[in-house]
Amino acid sequence: MDRIRDLEEKKPLVIYKADNAGAEIFGKVVEKGRHGKLYTLTIRDYGIFVVTKDVYEKIRVGDEVLL
Numbered sequence: 337m338d339r340i341r342d343l344e345e346k347k348p349l350v351i352y353k354a355d356n357a358g359a360e361i362f363g364k365v366v367e368k369g370r371h372g373k374l375y376t377l378t379i380r381d382y383g384i385f386v387v388t389k390d391v392y393e394k395i396r397v398g399d400e401v402l403l
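Numbering (the working numbering), first residue to last: 337 to 403.
Structural data, given as structure tokens:
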């Protein structure tokens, strides 16, 4: 039981890599965040995306983006 409690306290983050080659995601950024060394954008109707530091710094909440 201690192992389960230890893992729950760390609040692990699961990241899925999706290869959407040719697909376009267009929407408004509703939130920006950091999880350790990862930079994330939350796009309305699509979810959370991991982006590069450069993209993270250029985009502001409320911007329309195309990924």
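Note that CB positions come from ideal geometry on N, CA and C, so glycine has one too. All figures in this text were calculated on a predicted structure; none of them were measured in a lab.
Grouping DSSP H, G and I as helix and E and B as strand, with all else coil, what is residue i?
i    : result
E344 : helix
R370 : strand
K364 : strand
Y352 : coil
Measuring CA to CA, which of the options is closest to residue i?
i    : options                   : result
E367 : L402, L403, V397 and V401 : V397
G372 : E360, G358, K364 and K389 : K389
K364 : R339, F385 and D342       : F385
F362 : L377, R339 and E393       : L377
E315 : R370, E360 and Y375       : In the structure as shown, the chain starts at 337 and stops at 403, and residue 315 therefore has no counterpart that could be examined.
R370 : D342, R339, R341 and Y392 : Y392
Can you tell me whether residue i is buried or exposed? The criterion is at least 16 other CB atoms within 10 Å of its CB, across all chains shown.
i    : result
L402 : exposed
Y352 : exposed
Identify the continuous beta strand (DSSP E) that holds residue i and give its terminal residues.
i    : result
V386 : G383 to V387
V401 : E400 to L402
Inset, instruction - Count the CB pairs spanning the region 381-396 and the region 340-348 that are closer than 8 Å, and state whether there are at least three. - result: no
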